[in-house]
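To keep things clear, I will list the structure first and then write my remarks on it.
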Amino acid sequence: MKVGFIGFGEAGFELASGLDSESIDNLVAYDAFCDDPKFGAKVKNRADKANVHLVNRPENVVEKANTIFVAVPTQFALEVCKEIKERINEDILYVDVSASNPDIKKEIDELVTCANGKFVDAAMLGPLTVHQHKVPMVASGGGTQTFIERMEPYGMNIQEVSKKAGDASSIKLLRSIYMKGTAALLIELLEAARTLNVEEPVIYSLEETMAASPFRKTLNQLVTGTSIHAERRAEELEGSLIMLEELKLGSKLTAAVKDKLEYVSKLNVREQFGGDRPEKWETVIDKIIDIK
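Structure representation (structure tokens):
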């Protein structure tokens, strides 16, 4: 097996570094910035560290490797596939780890499959700088089983979710709503808390609440409780908004949360449940979907 990378930014570098530590030899990579006056030196330095041979064109990666990780910015993922599709054959395992949307992954799958290659829609669900090639990864598409067979012996942590390209990306993008949303919400919260010099008691209170129960129990409690108390909670956030405005601090996310709570309230979900809190979050979400 020979491994190659198209795109050698942080993702490609961390994956390659991990695979190099597993004694996979002859790693190759192409990066569009290899000869860039500003970023070229960084690309070459990364390649040296990971024992990766840089090539001049993406087609060269396909010629030299049969397991190819495509780790390019989302806007270039489809373009890259179109550029190299004539070189793809039945020996090629094409693993797209970009954050492209599911429709793009499906288009790439069609191109690779039509060229008799095997396609994998792969999504990394953790920090690469910590886990490198062992980062938790979900994968879908017709080439997933081959991907697992080839790469698990080298320590890769791959979970197959389906044979359908786009499913792994859907999981990644949905997860991002929570992970990125939580980070942004924390920034808005902590900016205000720090300004008022109350960050420690606020953090302690949140820590005590969030650590009291396993994640699934907390998720269930928050969703089911909101289905009954959305209107009151939206009204409470009005006070938060007034405070942030008086402090002349950003309040976009707080306002967005208030809008979402008002949206749930206007759906009359509470009335649908007779004012009684449902036991399961699924009941709430299914009801919201049905009402819409």
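Residues are numbered in the working numbering as their position in the sequence shown, beginning at 1, plus a constant of 51. Every residue gets a Cβ at the ideal spot worked out from N, C-alpha and C, and that includes glycine. Nothing here was measured: the structure is a model prediction, and the numbers come from that model.
Checklist entry - Do you know whose CA, among Ala-219, Ile-155, Ser-264 and Ala-67, lies nearest Thr-125's CA? => result Ile-155
Next on the checklist: Helix, strand or coil for Val-146? Go by DSSP, reduced to three states.
Outcome noted: strand
Item to check | Simplified DSSP state of Asp-160, which is helix, strand or coil | outcome: helix
Next on the checklist: Measuring only the C-alpha atoms, how far is Phe-59 from Thr-269?
Outcome noted: 39 Å
Item to check | Same chain, Cβ closer than 6 Å to Ser-221, neighbours up to 5 away in sequence not counted | outcome: Pro-153
Item to check | Residue of Glu-296, Gly-326 and Arg-283 minimising C-alpha distance to Glu-313 | outcome: Arg-283
Checklist entry - In whole angstroms, what is the alpha-carbon distance linking Pro-109 and Lys-231? => result 32 Å
Checklist entry - First and last residue of the alpha helix (DSSP H) that includes Ile-340? => result 332-342
Next on the checklist: At 3 residues or longer, what runs of the beta strand (DSSP E) sit wholly inside the segment 203-287?
Outcome noted: 209-213
Next on the checklist: Using 8 Å as the cut-off, can you tell me whether the segment 116-135 makes contact with the segment 143-153, which would need three or more C-beta pairs spanning the two stretches below that distance?
Outcome noted: yes
Item to check | Close beta carbons around Lys-309, own chain, < 6 Å, minus the five adjacent residues each side | outcome: Ala-285 and Leu-288
Checklist entry - Is the segment 172-188 touching the segment 209-226, taking contact as three or more C-beta pairs under 8 Å? => result yes
Next on the checklist: What does the alpha-carbon distance come out to for the pair Ile-262 and Glu-73?
Outcome noted: For clarity, residue 262 is Ala in the given sequence; the question names Ile instead. Between Ala-262 and Glu-73, the C-alpha separation is close to 37 Å.
Checklist entry - What are the start and end residues of the alpha helix (DSSP H) that includes Ile-135? => result 128-135
Next on the checklist: Is it the case that the segment 184-198 contacts the segment 207-220, given that we only count it when at least three CB pairs across the two stretches are under 8 Å?
Outcome noted: yes
Checklist entry - Anyone know if the C-beta pair for Glu-297 and Leu-179 falls short of 8 Å? => result no
Next on the checklist: Can you find the residues in the same chain that come closer than 7 Å, C-beta to C-beta, to Thr-305, ignoring five residues on each side of it along the sequence?
Outcome noted: Glu-239, Leu-288, Ser-291, Leu-292 and Leu-295
Next on the checklist: Could you check whether the Cβ of Lys-93 sits closer than 7 Å to any heavy atom belonging to the ligand SAH?
Outcome noted: The ligand SAH is absent from the structure shown, which contains no ligand whatsoever.
Item to check | Cβ pair count under 8 Å reaching 3, the segment 111-119 against the segment 83-97 | outcome: no
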